[in-house]
Amino acid sequence: MALQTVLEELRNRPGTGETIPVIDPATEEQITEFRDCGVAAVDAAVAAAKAAYQSGVWTDIPARQRAKVLWKLGDLIDEHAKEFAELESLDAGMPPMQAEMIVSTCAEFFRYYAGWCTKLNGSSYQVQMEGGVNSNYSNLHAYTTKEPYGVVGLIYPWNGPLFNACAKIAPALAAGCSLVVKPAEETPLSAVLLERLIGEAGVPDGVANFVIGYGATAGAAITAHPDVEKVAFTGSTEVGKQIMRDSADNLKKVTLELGGKSPVLIYDDADLDMAIMMASMGIFVHSGQGCVCGSRIFVQRSVYERVVQGIAMIGDNLVLGGPKDEGAMISPLVSQKQLDRVLGYIDQGKRDGAEIVSGGYRLDRKGYFVKPTVVTNVDPATSRLYKEEIFGPVATILPFDDDDEAIAMANDTSYGLAATVWTSNLARAHSLGKRLQAGMVGLNCQLTFDHNVPFGGYKQSGVGKEFGYEGIDAYLKTKTIWAQL
Ligand code: NAD
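Be aware that the sequence shown starts at 1, since it is given in the UniProt record's numbering, and climbs by one per residue.
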């Protein structure tokens with residue numbers, strides 16, 4: 001599907017709300033525009049999903065048949081990898097190589113979850129209680145089965161549009177659910193192609209329904225809808241809390257993948273070249289617009305200066321640019337809003353007396369580019385730059401003296417998404433791994449990922465997990481069946 005066709009299709013999508021422009025963040029030029037789908041479109045999508053679910057057209061077919069369709073969808077994504085990469089680059093500003101790598105990861109989500117379709121087993125239980133009510137029966141037996149939630153709402157952000165879509169759609173389809181899917185209004189392009197391929201792969205009509213509009217209209221309508229059994233959301237902690245509140249009316253189940261302010265601990269006995277390189281990539285990649293970005297870096301005092309200078313030097317040398325800029329490694333921020341937010345935090349830091357070691361400014365060119373920024377000398381008790389998620393290329397670095405101090409600083413946050421430890425002392429690494437309050441801890445590794453390994457945060461970074469078996473279990477209910485044999 002050529003780029004022009006996607007843009008045309010998006011522009012012609014029916015909608016009742018405001019016209020929303022789609023902006024290329026590397027050039028600030030408008031690529032296309034579309035109408036907010038509006039609440040009526042969400043109602044229609046939920047009705048279609050409900051009808052499809054109740055008909056059993058997807059959920060009641062043999063699991064191996066669902067698996068084949070998912071596998072085919074993975075292959076179709078691979079076949080259209082170049083188009084997807086182009087759309088992701090244009091929409092989210094990603095360098096083409098990064099976009100291509102992400103697209104192949106997305107295809108694999110469908111093949112990975114195709115494998116789970118045929119393995120969704122319950123358990124069987126020995127009944128121990130013989131007295132009481134049970135004494136009326138002989139030979140009691142109990143077992144559980146797994147059932148799809150039914151109609152689920154999937155809402156995702158702009159920072160990795162296709163990745164976030166596939167991380168939710170693949171397990172939800174594998175579980176046998178029917179879906180209402182909402183991309184972020186800033187980055188709807190890949191959804192248009194994905195929607196078409198889902199149909200081509202053989203997912204029946206009505207099973208996967210895309211609605212494209214604002215969070216306050218389309219997103220809120222999904223969350224409020226009484227026929228939506230579950231919402232799986234990736235986005236900011238603020239909106240995650242709103243979704244939880246809005247879900248209370250019909251006690252919708254929620255999975256929330258939210259923000260972070262992830263700590264990175266670097267010890268003087270670490271492989272420092274590696275630690276400096278990965279800590280730099282861990283905050284500057286995709287201009288810091290990654291939920292697991294290590295934005296608070298704590299360094300043992302004896303190597304503090306070396307690490308600060310090392311990360312600043314790497315940040316200074318990273319080539320920023322859009323998909324059309326030769327050699328670009330780091331993408332722009334996604335929007336003017338995000339640019340204002342990041343620069344606002346940097347300005348606030350300066351006013352509070354923080355030291356800007358490197359970066360700290362917008363590039364003098366078109367596009368929402370902020371130079372990778374290293375900040376020191378912040379007050380952990382009061383600095384908003386240090387405490388709040390910026391979602392930009394801004395690393396704050398502070399020294400520590402011993403394990404207890406490092407752990408106290410690392411855990412002193414309302415977030416708990418990811419954490420990293422760099423040390424050659426393995427006993428210390430594992431002990432810190434246990435003490436860090438984060439859903440994912442990397443010991444001498446950062447930015448790791450696998451479809452099979454659970455992903456998700458502690459504290460205000462989320463509820464539930466994605467990926468692996470836990471990722472599909474999030475779309476399944478457990479039914480207990482009692483039987484007298
Ligand atoms: P956001 O919360 O503003 O929006 C995310 C999605 O929610 C969008 O589709 C938006 O339209 C929708 N939305 C907004 N208001 C809504 C409402 N009231 N009801 C329903 N839906 C609504 O987040 P963002 O700014 O697009 O993305 C950045 C955030 O996402 C960061 O905080 C980042 O940490 C987080 N994130 C988390 C993960 C993770 O897995 N933990 C991954 C990527 C991004």
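For every residue, glycine included, the Cβ atom is placed at its ideal position computed from N, Cα and C.
Asked, Found
"Selection from 41, 183 and 194 that minimises the alpha carbon distance to residue 492", "The question about residue 492 has no answer, for the chain in this structure spans 1 to 485."
"The beta strand (DSSP E) enclosing residue 265, as first and last residue numbers", "263–266"
"Simplified DSSP state of residue 256, which is helix, strand or coil", "strand"
"Residue 37 versus residue 13 - alpha carbon distance", "8 Å"
"Contacting residues, own chain, Cβ-Cβ under 7 Å from residue 240 (five flanking each side not counted)", "233, 256 and 258"
"In DSSP terms, what residue 355 is bridged to", "376"
"Residue range of the unbroken alpha helix (DSSP H) whose run includes residue 242", "237–246"
"Minimum length 4: unbroken alpha helix (DSSP H) runs contained in the stretch 386–469", "403–411 and 426–435"
"Residue 258 Cβ short of 6 Å to ligand 1 heavy atom set", "yes"
"Distance between residue 291 and residue 389 (C-alpha atoms, nearest Å)", "9 Å"
"Contacts around residue 446, its chain only, beta-carbon distance under 6 Å, and the 5 residues preceding and following it disregarded", "278, 282 and 420"
"Residue 119 - DSSP class collapsed to helix/strand/coil", "coil"
"Contact under 7 Å by Cβ, residue 375 with residue 353", "no"
"Beta-bridge partners of residue 77, as assigned by DSSP", "BP columns for residue 77 are empty, so no partner."
"Residue 20 CB to nearest heavy atom of ligand 1 below 6 Å", "no"
"Residue 482 - partner residues in DSSP beta bridges", "142"
"Among 150, 197 and 214, the one whose alpha carbon lies nearest that of residue 75", "197"
"Near ligand 1: residue 242 beta-carbon under 6 Å from a heavy atom", "yes"
"Proximity test, residue 153 beta-carbon vs ligand 1 heavy atom, cut-off 6 Å", "no"
"Coil, strand or helix - residue 365 by DSSP", "coil"
"Beta-carbon spacing of residue 180, residue 49 below 7 Å", "yes"
"Pick from 356, 289, 315 and 377 that is closest to residue 338, judged by C-alpha positions", "289"
"Cβ-based burial, residue 481 [other Cβ within 10 Å; buried from 16]", "exposed"
"Cut-off 7 Å between Cβ atoms - residues of its own chain near residue 105, not counting five sequence neighbours on either side", "163"
"Between the CA atoms of residue 412 and residue 425 - distance to the nearest angstrom", "24 Å"
"Spatial distance of residue 396 from residue 268 (CA atoms)", "18 Å"
"heavy atom of ligand 1 below 6 Å from residue 449 C-beta", "no"
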